[in-house]
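Residues in the sequence shown are numbered from 20 upward in steps of one, following the working numbering.
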Amino acid sequence: MSELIQLSSLDIHFADFIVRIDKNPCDQLWLAAALTSKAAGNGHTCLDMADANRLEITTAGNARQLPPPAPETWKTALVACDTVGNPGDYTPLVMDGAGRLYLQRSWEYERLTAEAILSRSRHMPPNPALLESGLERYFPVTDNQPDLQREAARMALTRVFSVISGGPGTGKTATVARILALTIELAGDAQPRIALAAPTGKAAMRLRQSILLAAEKLGLSDTIRNRLPDEVSTIHRLLGVRSNGNGFRHNRDNRLPCDLLVVDEASMVDLPLMARLLEALHDRARVILLGDRDQLASVEAGAVLADICAGSEDVSGNAVPVTQLTKSYRFAGESGIGTLSRLINAGDGDSAFELLSSGSYADVVWRQLPAAREFEAAFGAAAQAGYAVYARTATPGEALAELDRFRVLSPLRSGMYGTANLNRLCEAALDLRSGEGEPCYRHRPVMISGNNYELGFFNGDTGVVIENDGRTAVWFSDPESGLRHLSPLRLPAHETAFALTVHKSQGSEFERMLLILPERMSEALSRELLYTAITRARKQVEIWSPESVFRQAVKSRTRRNSGLRDKLAGLM
């Protein structure tokens, strides 16, 4: 089955540039460059030329339709081009032995990431007797079933690089809290330098709260408790973004002062950021990645966590240590959310929809998407009910807490069912604006939509406009100080956040969530998107959708082209 690809003006200009600077261009170079640019724009690390014969390619405005290339002929021709090099060559395009074509920077980020992981795929075990004693105390055996949390801890304490993957409520942060305590205990008088980080401010705040709560339950000694890190940074803040936005203060020449790094929500970390983070670590620094391999990949290029979790092996045959936690402590066996998410993950659209529409679970609600003429009124009523308490909050802390109790999600940004229109309908239903010219009205929720290094605000940071002590400001949760605020006049690029795209919701959790799916299947819809959306909710999920769209989405999988998996397996 062919796939229609429309090249953008950026893709076309890039291809024109590559052909212009190549001293020996072949007929296939223009299309190869354009498709590589297109792949990068779609989140792929590379163009897999083996798939190219499935493509139907048009240029912007359908000015011309291009025939699908023959992969072998294409690869043979590209070898002779000056702008296409082998791995290690400094050329605009890099082609590897498997027929993958990269932009130079993408190849370099992938190489750096793979080398950093493989250089840490070694054992560094502590005293075996002390380790076993500690594991028995922190992870006591309660039945005859394998304790995956204990095995995850063993991996993290004996290997320099490890991954703990699992769905919501499987105990990832509870496990890591025990790992941190045992790390400090095993170090004796030495005090290991521990850093905790997450991709967004919201995710960092959640990690900090989860670690502190888990540590409280452990009954630790004062010595261990006082040595636990009580700060969690965003990755950008940890690396120290330069004020001009040009690189990070911590890099290969100025390493992070860190003996152990824990990164939560690792599925959100794109390839360039992961490469720079790992590059900034000392060779002996341990790394623990936490995340959910089944969630959507990062917004930007790559699917790093999923690639790492693919069971890769290095050239020595030592598996990259990944532990998959499967037991959910949040969603019991009778939980509709837990059961629905498992069915979606398995790709069982029929059983998933049967559960969703059965009305058998109080925490899972389905509604047929209202007809277009009825949608605004129906959605307005739902928004009023969902945000009623939020609209009456009086303080920044109350508003931020209440905003996490309910949220609207959509896979789309534009159109009737996209976030732009849904936010407009929420504003109208709640009647919060006093005039069309008032962009920062009281109780407006906002999400930062780009990185502002000078102010220290990053993509995904969420705030609320609240008048406090006679002054209107935009207030944000902060993992280090609790709350921080900014004048509305200084607010960086942002958007209203009553309704979020599912991608933007990653790293957040809400008590209740309303997911609006469009009336027709879209390329934005996938199994991973549904799973990610549903697992944002702690207590109740409500989905408005046509039956056919839901079923098709469960069957559709997201794929990101990458060579990282092969590099980790020592195949490249």
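The C-beta atom is built at its ideal place from N, Cα and C for all residues, glycine as well. Note that the structure is predicted; figures quoted are calculated from it, not measured.
Can you give me the C-alpha to C-alpha distance between residue i and residue j, rounded to a whole angstrom?
i    : j    : result
W49  : S545 : 31 Å
I465 : E514 : It should be pointed out that residue 465 corresponds to Val in this sequence rather than to Ile. Answer to the nearest angstrom: the Cα atoms are 5 Å apart.
G589 : R124 : 21 Å
S335 : D208 : Note that S335 scores a pLDDT of 44, beneath 50, so its modelled location is shaky; the value from the coordinates is reported in the next line. About 35 Å.
G416 : G220 : 15 Å
L296 : L122 : 20 Å
L441 : L344 : 36 Å
S240 : L205 : 14 Å
S27  : P147 : 58 Å
E134 : R386 : 49 Å
N105 : T95  : 13 Å
I327 : V339 : 7 Å
L549 : C459 : 32 Å
R268 : L258 : 6 Å
R570 : D367 : 9 Å
I37  : H142 : 45 Å
R212 : L201 : 14 Å
C445 : E395 : 10 Å
D30  : P187 : 39 Å
D35  : L54  : 12 Å
S496 : E547 : 28 Å
D333 : H462 : For D333, the predicted model reports a pLDDT of 40, less than 50, meaning its position is unreliable and no value from the coordinates is stated.
I553 : F529 : 10 Å
Can you tell me whether DSSP reads residue i as helix, strand or coil?
i    : result
Y348 : coil
Y121 : strand
E473 : coil
S567 : helix
E298 : helix
P458 : coil
S429 : strand
F517 : coil
E486 : strand
Q25  : strand
Q343 : strand
T253 : strand
G598 : The structure shown has nothing for residue 598, since the chain only spans 20 to 591.
D67  : strand
H142 : strand
F158 : coil
T412 : coil
Between which two residues does the alpha helix (DSSP H) carrying residue i extend?
i    : result
L540 : The displayed chain sequence assigns Met, not Leu, to residue 540. No alpha helix (DSSP H) holds M540; DSSP gives it neither H nor E.
L237 : 220–237
F394 : 391–406
A217 : Premise fails: A217 lies in the beta strand (DSSP E), 213–217, not in any alpha helix (DSSP H).
V323 : 323–327
Comparing alpha-carbon positions, which option in the options lies nearest residue i?
i    : options                : result
R244 : R274, L257, D278, I198 : I198
L422 : A556, M174, K574, A397 : A556
R509 : W494, S500, V521, K523 : W494
A325 : A285, K346, E298, P291 : A285
T242 : F267, L280, I203, P218 : I203
W126 : I76, H63, H504, D101   : H63
L419 : P507, L502, R169       : L502
V288 : H255, G434, G153, P159 : H255
V318 : V179, S347, Q525, S541 : Q525
D115 : T491, V483, L66, G266  : L66
G623 : D166, Y157, R539       : For residue 623 there is no data in the structure shown, the boundaries of the chain being 20 and 591.
A512 : D166, E528, R490, T481 : T481
Would you check whether the ligand GTP has a heavy atom nearer than 7 Å to the C-beta of residue i?
i   : result
A99 : The ligand GTP is not part of this structure, which contains no ligands at all.
Can you tell me where the beta strand (DSSP E) with residue i in it begins and where it stops?
i    : result
Q559 : 556–563
S496 : 490–497
M114 : 112–114
P464 : 464–467
F180 : 180–185
R268 : That residue, R268, is in no beta strand (DSSP E); it is neither H nor E in DSSP.
When the Cβ atoms of the stretch 395–410 are set against those of the stretch 445–453, are three or more pairs found closer than 8 Å? yes
Any 3 or more C-beta pairs closer than 8 Å across the stretch 229–239 and the stretch 186–205: yes
With contact counted as at least three CB pairs below 8 Å, one residue from each stretch, are the stretch 429–438 and the stretch 526–536 in contact? yes
Contact between the stretch 550–568 and the stretch 288–304: three or more CB pairs below 8 Å? no
Under 8 Å: do the stretch 370–381 and the stretch 580–588 share three or more Cβ pairs, one atom per stretch? no
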